[in-house]
Amino acid sequence: MEIGESNAAMEAIIAFLVAEEIDEIEAPVISFALQHLQDAAVKAELKTSKFLSQVVPKYSLSEFQNHFRLTPRQVEELIAELHPFYSNQRGTKWPLRNVVMASLWTLSNQESYREVAVRFETSKSVICSHLHEFCSLVSEHLSHKISWPTGTPAIENAEHFLLFGFPKTVGAVGGYQIPIEKPQNVEDPDAYYNTRQHYSINLTAFCDYQCRFIHINIGYPGSWDNACIFQMTDVAKILEEDPRSLIPEGFHIIGHMDYPLSEYMMTPYVDNENLTEQQKNYNTKLLSALTVVEKAFYLLKNRFRRLEALKMSSIRYISTAVKTCCILHNICLEISSDLDVNITDLQETTGLQPAPVANENGIIKRDEIAASL
1488 MEIGESNAAM EAIIAFLVAE EIDEIEAPVI SFALQHLQDA AVKAELKTSK
1538 FLSQVVPKYS LSEFQNHFRL TPRQVEELIA ELHPFYSNQR GTKWPLRNVV
1588 MASLWTLSNQ ESYREVAVRF ETSKSVICSH LHEFCSLVSE HLSHKISWPT
1638 GTPAIENAEH FLLFGFPKTV GAVGGYQIPI EKPQNVEDPD AYYNTRQHYS
1688 INLTAFCDYQ CRFIHINIGY PGSWDNACIF QMTDVAKILE EDPRSLIPEG
1738 FHIIGHMDYP LSEYMMTPYV DNENLTEQQK NYNTKLLSAL TVVEKAFYLL
1788 KNRFRRLEAL KMSSIRYIST AVKTCCILHN ICLEISSDLD VNITDLQETT
1838 GLQPAPVANE NGIIKRDEIA ASL
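Quick note: the sequence shown uses the numbering used here, first residue 1488, plus one each step.
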């Protein structure tokens, strides 16, 4: 008997008890039936699927990583880190290991939720319920996996960005649109309808030279432009109030021309067909360095293909799932960089938006960098 069937049977018996009077002879029989159904449900929920117990153990390391994205050791470490916080509030009695494995599988491919449920020998509702729980646990308790480099790490980051030919860079910023269904319970759902004629939310991400996410902002409507969203990020606010806490003196982050040029944000010259050779050279080196954020998005969406078909209507659930994938992306990079991405495979991650008004100090600094290259 499946979990859903046993639960339905128990509900039917409880309804009978409420609706009918039972005598002393019937009571023990009903009590025994209830206990039997309860025990059957618990056993069904605790049972490890044949897929986990018989198929997965036969996977090679590469096969395991291909399906779950992490190594077996990383999965064990993930389970250990989440275990103190797993209370199984969903009431399914599913072990944390099952929750982690099923959720990693779900996020890593586009198999339907029903197909995942069949694979793990449970119900669709259990898969969906525990996916939300897994994402909440990861996003809340492993958010330290996404951290901004300061001090020596920031300088080391800049040294590696210099290999692209662009100096004093501590990070690169870019925007990526996550496709979603029409959102529910939001004030203006049409704001999520973007210029590519589908619903989406924006992921604004800052990356280091290894394509690791060092800060992310998720959830703004797909129709909003990158400059507007950037101004709402914590990074932009800190750059206004206390820039030295994020960026050493003379250093900066880099972004495409749809981000605001300033002393702390270097962007390309607008190509109006009148650029000097010096300006063209500057653009070439800057755009080369910006490939790290494009590669990061490419790796993210190819590792976690569920991002192309989340099938969620709650912006809160969607944002938590995206953040979880970003954290897992960084965990993947702890043992493998996977940076040999063909640049021709990359999708454009920014829209054709007009360049924001430039800051005067930013204009001066950009010209100085262009002259020094």
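Note that beta-carbon positions come from the ideal geometry of N, C-alpha and C, so glycine has one too.
Q. Beta carbon of valine 1657, beta carbon of proline 1670: below 8 Å?
A. Not in contact: valine 1657 and proline 1670 (Cβ atoms no closer than 8 Å).
Q: Please report how far the alpha carbon of lysine 1782 lies from the alpha carbon of glutamate 1727, in whole angstroms.
A: Linking lysine 1782 to glutamate 1727 through their CA atoms gives a straight-line distance of about 28 Å.
Q: Please determine, among Ser1806, Ser1630, Lys1772, the residue with the shortest C-alpha to C-alpha distance to leucine 1565.
A: Nearest in C-alpha terms to leucine 1565, of all of Ser1806, Ser1630, Lys1772, is Ser1630.
Q.
Give me, in chain order, the residues of the same chain whose beta-carbon lies closer than 8 Å to that of valine 1586; leave out the 5 immediate sequence neighbours on both sides.
A. For valine 1586, where only same-chain residues beyond five positions count, the Cβ hits under 8 Å are Tyr1573, His1617, Glu1620, Phe1621.
Q: Kindly provide the ranges of any alpha helix (DSSP H) runs that are 4 or more residues long and lie completely inside the stretch 1712-1745, ordered along the chain.
A: Here the runs fully enclosed are 1713-1718, 1721-1728.
Q) Can at least three beta-carbon pairs, one atom from the stretch 1676-1686 and one from the stretch 1699-1715, be found at a separation below 8 Å? A) These segments touch.
Q. Do you know offhand how far asparagine 1596's Cα is from alanine 1567's?
A. Roughly 24 Å separates the two Cα atoms.
Q. Going by C-alpha distance, which of Gln1765, Cys1694, Ala1604 is nearest arginine 1853?
A. Nearest C-alpha to arginine 1853: Gln1765.
**Q.** Three-state secondary structure (DSSP) of cysteine 1622
**A.** DSSP places cysteine 1622 in helix when its eight states are reduced to three.
(Q) Let me check one thing: in DSSP terms, what residues is threonine 1691 bridge-paired to? (A) Note: threonine 1691 sits in a beta bridge opposite Gly1662, Asn1704.
Q. What is the DSSP secondary structure of methionine 1799, counted as helix, strand or coil?
A. In this structure, methionine 1799 counts as coil in the three-state DSSP scheme.
Q) Given a threshold of 16 other Cβ atoms within 10 Å of its Cβ, counted over all protein chains shown, does glutamate 1755 qualify as buried or as exposed? A) It should be pointed out that residue 1755 corresponds to proline in this sequence rather than to glutamate. Burial call: buried.
Q | Same chain, Cβ closer than 8 Å to threonine 1593, five either side skipped, listed in chain order | A | Once the five neighbours on either side are set aside, the close Cβ partners of threonine 1593 are Tyr1600, Val1603, Ile1614, Leu1618, Arg1793.
Q. Quick one, are the C-beta atoms of tyrosine 1686 and isoleucine 1667 less than 8 Å apart?
A. Result yes, Cβ atoms of tyrosine 1686 and isoleucine 1667 sit closer than 8 Å.
Q.
Please state the DSSP three-state secondary structure of tyrosine 1679.
A. It is helical.
Q: Starting from the Cα of serine 1684, find the closest Cα among Val1625, Gln1664, Asp1695, Glu1674 and give me that residue.
A: Looking at the sequence itself, residue 1684 is glutamine, so the reference to serine does not match. Comparing Cα positions, the closest option is Gln1664.
Q: Would you list the residues sitting across from threonine 1558 in a DSSP beta bridge?
A: Note: threonine 1558 sits in no beta bridge, so no partner.
Q) When you compare only the Cα positions, how much space is there between glycine 1652 and tyrosine 1696? A) The alpha-carbon separation between glycine 1652 and tyrosine 1696 amounts to approximately 12 Å.
Q: Assign lysine 1655 to buried or exposed, taking buried as 16 or more other Cβ atoms, counted over all protein chains shown, within 10 Å of its Cβ.
A: So lysine 1655 counts as buried.
Q. Among Ile1633, Glu1674, Ile1805, Phe1648, which one has its Cα closest to the Cα of glutamate 1821?
A. For the residues Ile1633, Glu1674, Ile1805, Phe1648, the minimum Cα distance to glutamate 1821 belongs to Ile1633.
Q. Going by Cα to Cα distance, which pick from Tyr1751, Phe1784, Glu1795 is closest to asparagine 1848?
A. Comparing alpha carbon positions, the residue from Tyr1751, Phe1784, Glu1795 closest to asparagine 1848 is Tyr1751.
Q) By a C-beta neighbour count over all protein chains shown, 10 Å radius and 16 as the cutoff for buried, is lysine 1798 buried or exposed? A) That one is exposed.
Q.
Using only the alpha-carbon positions, how far apart do valine 1660 and threonine 1682 sit?
A. For valine 1660 and threonine 1682, the distance between alpha carbons rounds to 21 Å.
Q | Nearest-angstrom Cβ-Cβ length linking arginine 1699 and asparagine 1817, presumed shorter than 8 Å | A | Contact holds; Cβ gap of about 5 Å.
Q. Expressed to the nearest angstrom, what Euclidean distance is found between the alpha-carbon atoms of arginine 1556 and leucine 1748?
A. C-alpha separation (whole angstroms): 37 Å.
Q. From the DSSP output, which residues share a beta bridge with lysine 1656?
A. In the sequence as displayed, the identity of residue 1656 is threonine instead of lysine. Its beta-bridge partners are His1739.
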